[in-house]
Each structure stands twice: as C-alpha cells, then as structure tokens.
Amino acid sequence: MAETELLDGGSTKPPVTGSTPSGPLGSDTPKLPLLLRFPVDGEEHVNIMKRIRSKYRQFGIMLLEDDTGEETDIIITRCRDDIEAINTEIAMKWLQGIGRSPCTWDTLVTVLEDIGLKGLASKIRSNLQ
C-alpha cells in the first residue's frame, strides 16, 4: 500500500479499518492540524471547518453521536454562534475520543458523507488509498 504524506513532512500508511488501535485513540487517529488543512489538488488546501459552515449542528450531532443535540447545543451556546469556534470545539471533543468511535480517518470520511460533503469525503478517501 502507498504511504500518505503528512503536512508536517512525515508520512504514514493509510488506516486499515478494523486494525488494533495503539494508544488511547488509535494509530490512524486524525490530528486537528491535518483536519484543518488537508491537501487537495496540489497546493490548494481545504479548511474542513469552514466548508462545514452552516452544517455545524448536524456535524456535531454526527461526530458526537449526540442524538438529542444537547451536547451540540451547549457548544453552540458557549461559543456564541462563532462557527469556527463551534466546529473546532466539536472536532476537539471528537479527537479526544468523545462520541462516535473509533476516531479514525474512515469515521471522518463517513461523517462528511453523511452531512452531504461527498466531494470532500471522496478527495480525502482517494488521498488515503
């Protein structure tokens, strides 16, 4: 399998679904800087948090498995409708292992597809193959 180059210059093998995690969140856990600046089309970068924009409530419910929306509502209220802060806090909680599990690139792609960001999910998936 091909390796995927990380933004920090390192590289990692693509995640294997069902693999045994190493550490509390797993060996293929996305890191926030990679979520915020994922390489697409050469030098162009996509800010996932900004792409989600008005979908932040659905994004939170999907990532945090927040069926009632209560946890997401608390985050939205605390961040006073600052979309970037809301999305960052939701992502941070998810990356800490709170909510939908396992916290892997595959889970992120699934969530992005579920909230309608299929193009972005497809680009991430193809970069990981």
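The sequence shown begins at 1 in the UniProt record's numbering and counts up one residue at a time. Think of the CB as a built atom: it goes at the ideal place given N, C-alpha and C, for glycine as much as any other residue.
From which residue to which residue does the alpha helix (DSSP H) around residue i run?
i	result
L63	56–64
I74	70–78
D106	105–114
L120	118–128
I98	Note, I98: premise wrong, no alpha helix (DSSP H); not H, not E.
Kindly say whether residue i, judged by its beta-carbon, lies nearer than 8 Å to any beta-carbon of chain B.
i	result
L117	Absence of chain B from the displayed structure is noted, only one protein chain being present.
Would you report the Cα separation of residue i and residue j, rounded to the nearest angstrom?
i	j	result
E65	G97	11 Å
M92	S126	24 Å
G119	T107	16 Å
G99	T77	19 Å
S101	D67	15 Å
K55	S122	18 Å
V40	E84	Because V40 carries a pLDDT of 49, less than 50, the predicted location of this residue cannot be relied on, and the following value inherits that uncertainty. When rounded, the distance between both Cα atoms is 20 Å.
What is the C-beta distance between residue i and residue j, in whole angstroms, given that I count them as a contact (C-beta under 8 Å)?
i	j	result
C79	E89	6 Å
W105	I86	That pair is no contact at about 22 Å.
W94	L63	4 Å
Cβ contact check for the stretch 104–114 and the stretch 57–72: 3 or more pairs under 8 Å: yes
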